[in-house]
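Letter 144 of the sequence shown, counting from 1, is numbered 144 in the numbering used here, and no numbers are missing.
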Amino acid sequence: MPDQTATAIVTGHSRGLGAAIAAELLARGARVLGLARRGNPALAEAYPEALAEVALDLADPAALAEWLGGDRLRLHLTGAGPVLLVNNAGMVEPIGPAGTLDPAAIARAVALNVTAPLMLADTLIAATTGAPDRRVLHVSSGAARNAYPGWSLYCATKAALDHHARAVAEDKRPGLRIESLAPGVIDTDMQAAIRATTEAQFTMRERFVGLKESGGLSSPEDCARRLVAHLTGPAFGASPVTDLRDFG
Ligand code: NAP
């Protein structure tokens, strides 16, 4: 893919892995539309022309549907060459054993981790009909493939992304590649939130404390560099469910 001309949409570009993915794409010459509740002032200052930002609560499906019904996304895609959608925004909460979770928190987690990525993917696929190279990346997790106590919401929502990618791949839409990718364990606010849980909520908490203390977390920048190389490379979409750690 000639990534100099790529047009990208990145959710959760304000911090963590999404900020690093947006930075990597911008450094490679892509035009990026970032969607998050907050902006990314450092990137906006560094790339005033190439970065566009929209403040949106992606856990609010009605607000997202209204935004998708407008023309901002279509304008961003007008005249686009290769198109990339990175469904990165996500949350690990609510954490705790079944029967202890707040129903409203369950609804927000499903809305952010599943509903929004699926709405964005479908709208983007429709809006890019006829485009020869359009790629959808769901940022999944090892939790989609292994069950962890206290993480039933996170495991279930990430598994939904994996299966969505598998099924969409079966649709064989022209020019479309889709992949649900586990990025590894990354030193972001999400890891801090995991370490801030109690043993009662998450019995595996100590494992994540140990990863931080032993330097076992990837930096967002290193992860994003490898992720974007894969996203824009020839092997992207060859398998709908992948793990970045398998790509070296
Ligand atoms: P993070 O540091 O918590 O950042 C989350 C990003 O999502 C922020 O940019 C945030 O922006 C955005 N976001 C959260 N709630 C939102 C909402 N309601 N509406 C719009 N945007 C929202 O998380 P991260 O660690 O970078 O994680 C990024 C992705 O990687 C997630 O999908 C996560 O599940 C996955 N992942 C992470 C790890 C890890 O070890 N960190 C491991 C496996 C998978 P605003 O707050 O500005 O809205």
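Ideal placement from N, C-alpha and C gives every residue a C-beta, glycine not left out.
Computed from a prediction, not measured in an experiment: that's the story for all the values here.
Item	Value
3 or more residues per run - each beta strand (DSSP E) lying fully within the region 85 to 141	134 to 139
Distance between residue 235 and residue 38 (C-alpha atoms, nearest Å)	33 Å
First through last residue of the beta strand (DSSP E) which encompasses residue 253	Residue 253 falls outside the range modelled here, since the chain spans only 1 to 248, and no answer is possible.
Distance between residue 239 and residue 86 (C-alpha atoms, nearest Å)	17 Å
Collapsed DSSP secondary structure at residue 185 in the structure displayed	coil
Three-state secondary structure assigned by DSSP to residue 218	strand
Which of helix, strand or coil DSSP assigns to residue 152	helix
Nearest residue (CA-CA) to residue 143, options 42, 105, 120 and 154	154
Residues bridged to residue 24 [DSSP beta-bridge criterion]	For residue 24, which the question treats as bridged, DSSP gives no partner whatsoever.
Straight-line gap, residue 63 to residue 215 (C-alpha atoms, nearest Å)	39 Å
Contacting residues, own chain, Cβ-Cβ under 6 Å from residue 119 (five flanking each side not counted)	64
Residue 218 versus residue 126 - alpha carbon distance	35 Å
Backbone CA spacing between residue 92 and residue 80 [nearest angstrom]	33 Å
Alpha-carbon spacing of residue 192 relative to residue 209, whole angstroms	9 Å
Residues that residue 180 bridges to, as DSSP identifies them	138 and 241
Beta-carbon gap between residue 24 and residue 177 smaller than 7 Å	no
beta-carbon residue 191 near the ligand FMN non-hydrogen atom, thresh 6 Å	Although the ligand FMN was asked about, the structure shown includes only the ligand NAP as ligands.
Beta-carbon gap between residue 83 and residue 162 smaller than 7 Å	no
Cβ-based neighbour list, residue 189, same chain, cut-off 7 Å, excluding 5 preceding and 5 following	15 and 16
Cα-Cα separation between residue 302 and residue 233, rounded to whole angstroms	Given a span of 1 to 248 for the chain in the structure shown, any question on residue 302 remains unanswerable.
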